[in-house]
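Participant: In full-length UniProt numbering, the protein residues as written are 1 to 154.
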């Protein structure tokens with residue numbers, strides 16, 4: 001963690017990670033400073049790239065995406081050009097919501113959504129047909145047990 005972050009900066013980040021929609025006045029009250037310096041700090045944290053954006057937490061099922069799955073992808077080649085080509089295709093593929101590069105036997109794990117099982121099967125077929133994909137294992141998500149932001153503020 002960068003040394004230039006003080007306790008107030010960390011409290012601002014924790015509060016915004018929990019609720020990025022609150023007003024600056026509410027945020028300032030929660031972290032114990034007045035609104036003008038709070039806004040300056042938030043802007044500085046944004047400019048430093050520590051705050052990448054603000055997002056609404058949507059309910060995928062209520063929006064018609066009944067299937068959430070994870071796909072574990074093993075490539076035939078890990079040459080730089082092959083990795084770049086695969087990553088480029090994944091970035092442009094709407095059902096893929098997250099993609100992580102892994103160490104070990106699996107090269108990538110993808111978190112994907114689909115409106116139904118037929119769309120999921122079509123997605124898996126398209127994924128396995130990509131050049132350089134050696135094999136794909138999938139797992140359907142049954143229930144979300146925990147879904148926390150990635151930074152574990154205490």
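We treat Cβ as the ideally placed atom computed from N, Cα and C, and that holds for glycine. Predicted model, so just to flag it, every value in this text is computed and none were measured.
1) State the DSSP-derived secondary structure class of residue 110, mapped to helix, strand or coil.
2) Could you check if residue 117 is buried or exposed, using at least 16 other CB atoms within 10 Å of its CB as the buried criterion?
3) Under 8 Å by Cβ, that's how I've got residue 89 and residue 130 pegged, so tell me the actual separation to the nearest angstrom.
4) Tell me the DSSP secondary structure of residue 60 in three-state form.
5) Is it true that the CB of residue 120 sits closer than 7 Å to the CB of residue 73?
6) Out of curiosity, what's the CA-to-CA distance linking residue 34 and residue 25?
7) Considering only the alpha carbon of each residue, which of 23, 58, 55 lies closest to residue 42?
8) In three-state DSSP terms, what is residue 133?
Facilitator: According to the structure shown:
1) Sequence index remark: in the chain shown, residue 110 carries index 110 (1-based). Three-state DSSP puts residue 110 in a strand.
2) To locate residue 117, count along the chain shown from 1; it is residue 117. Residue 117 comes out exposed.
3) Translated into the one-based positions of the chain shown, residue 89 becomes position 89. Translated into the one-based positions of the chain shown, residue 130 becomes position 130. Going by Cβ atoms, the distance from residue 89 to residue 130 rounds to 6 Å, so yes, they are a contact pair.
4) Translated into the one-based positions of the chain shown, residue 60 becomes position 60. It is coil, neither helix nor strand.
5) As a first step, residue 73 is located in the chain shown; it is residue number 73 there, counting from the start. As a first step, residue 120 is located in the chain shown; it is residue number 120 there, counting from the start. The answer is no: Cβ separation not under 7 Å.
6) Here residue 34 refers to the residue found at position 34 when the chain shown is read from its first residue. Here residue 25 refers to the residue found at position 25 when the chain shown is read from its first residue. About 8 Å.
7) On the chain shown, position 42 is the one that residue 42 refers to. For residue 42, the nearest C-alpha among the options comes from 23.
8) Position 133 of the chain shown, counted from the start, is the residue given in the question as residue 133. Strand at residue 133.
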